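Structure first, commentary second.
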DNA sequence: AATGTTCGCAACCGCTTCCGG
DNA sequence: GCCGGAAGCGGTTGCGAACAT
């Protein structure tokens, strides 16, 4: 963390010219790094009026930012309950467990980690945990052993190739089509659940239909005609899962490796 | 010491979902 | 039931710091 300079010191990202296009309104909006003054204005506005109404909030706050940018800044940086500092070993374990269950549903995962933001977890996953899993021979997308994952991918390719020898289809285990894709997008149920692929049925013991349960925590529902599970149920479900001692497969030794949090050094 | 490369993270972008009219 | 605006989400980008050569 010492590497990071204060946000305010960061240079403007998109650059003045970046806002090209659109109308004058858009062009006049500031982009890039937030200054302490802007942070202050935003924090005061949210304290005064509460969260929400992001579209109009910047104007009322006297900010030349789009509402989206304000929301993001508040959610990821200014919120008072945000926990600073390195991800602890237990948090790391939890992230891996939840990712195994939920895939790249960062907001859902973040919801189980008080004080952590989806952006933070996403970044941490991409820069630390995925590499860590790979180093341990585990495919971070499917949570399967890399060899098995490769084999599965290969066999998929083979069969696909048989059908269409000219083309190399995208790896089926890649979850993210793009954006919030698939979560509620009832079309992508299977491919959107990389976690499920490597997920043993034992994980869902006690749940009549894990797909329904999982998705209830998300947004929509899989179009497989199952009743929704309320958030409380899902919550307890996750609690029970994350308390299991399943992570030996992943970080069985890292906890012993002193402090466990190698991200400090990473 | 200078230069190149890698890493970490804040912010942006595009898409989907939700919700009210 | 349809439509449009707002909010939310996940992927990607770009910058600066740290590290390696």
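In UniProt numbering, the protein residues as written are 1 to 266. From the three backbone atoms N, C-alpha and C, an ideal C-beta is built for every residue, glycine too. What you are looking at is a predicted structure, and each value in this text was computed from that prediction instead of being measured.
{"Item": "Straight-line Cα distance separating residue 96 from residue 72", "Value": "24 Å"}
{"Item": "As assigned by DSSP and simplified to three states, the class of residue 221", "Value": "Low confidence applies here, because residue 221 scores a pLDDT of 35, under 50, leaving its location unreliable and the question unanswered by this model."}
{"Item": "Cut-off 7 Å between Cβ atoms - residues of its own chain near residue 107, not counting five sequence neighbours on either side", "Value": "118"}
{"Item": "Straight-line gap, residue 63 to residue 41 (C-alpha atoms, nearest Å)", "Value": "7 Å"}
{"Item": "Pairwise C-alpha distance: residue 142 and residue 50", "Value": "39 Å"}
{"Item": "For residue 134, the three-state DSSP class (helix, strand or coil)", "Value": "helix"}
{"Item": "For residue 145, three-class secondary structure by DSSP", "Value": "strand"}
{"Item": "Cα-Cα separation between residue 43 and residue 75, rounded to whole angstroms", "Value": "11 Å"}
{"Item": "Neighbourhood of residue 82 by C-beta, 7 Å cutoff - its chain only, sequence neighbours within 5 removed", "Value": "115 and 117"}
{"Item": "N-terminal and C-terminal residue of the alpha helix (DSSP H) that residue 109 is part of", "Value": "106-111"}
{"Item": "Through-space distance from residue 36 to residue 78, alpha-carbon basis", "Value": "11 Å"}
{"Item": "Three-state secondary structure (DSSP) of residue 39", "Value": "helix"}
{"Item": "Where the alpha helix (DSSP H) through residue 99 begins and ends", "Value": "89-102"}
{"Item": "Run of the alpha helix (DSSP H) containing residue 269, from where it starts to where it stops", "Value": "This structure does not reach residue 269, given that the chain is present from 1 up to 266, and the question cannot be answered."}
{"Item": "Cβ separation of residue 65 and residue 30, assumed to be a contact under 8 Å, to the nearest whole Å", "Value": "6 Å"}
{"Item": "Endpoints, alpha helix (DSSP H) assigned at residue 118", "Value": "118-124"}
{"Item": "Proximity winner among 140, 70 and 55, relative to residue 32 (alpha-carbon distances)", "Value": "70"}
{"Item": "Residue 87 burial status per 10 Å Cβ neighbour count (16 or more: buried)", "Value": "buried"}
{"Item": "Delimiting residues of the alpha helix (DSSP H) encompassing residue 127", "Value": "Per DSSP, residue 127 belongs to no alpha helix (DSSP H) and is neither H nor E."}
{"Item": "Inter-residue spacing [alpha-carbon to alpha-carbon] between residue 84 and residue 58", "Value": "25 Å"}
{"Item": "Within 8 Å, strictly: CB atoms of residue 127 and residue 140", "Value": "no"}
{"Item": "Backbone CA spacing between residue 184 and residue 122 [nearest angstrom]", "Value": "Its pLDDT being 34, under 50, residue 184 is placed unreliably in this model, and the value from its coordinates should be taken loosely. When rounded, the distance between both Cα atoms is 20 Å."}
{"Item": "Closest by C-alpha distance to residue 270, when choosing among 112, 125 and 92", "Value": "The requested residue 270 does not occur in the structure, where the chain is confined to residues 1 to 266."}
{"Item": "Through-space distance from residue 102 to residue 215, alpha-carbon basis", "Value": "Its pLDDT being 40, under 50, residue 215 is placed unreliably by the model, and the measurement read from it follows with that caveat. Each residue's Cα considered, the two are about 9 Å apart."}
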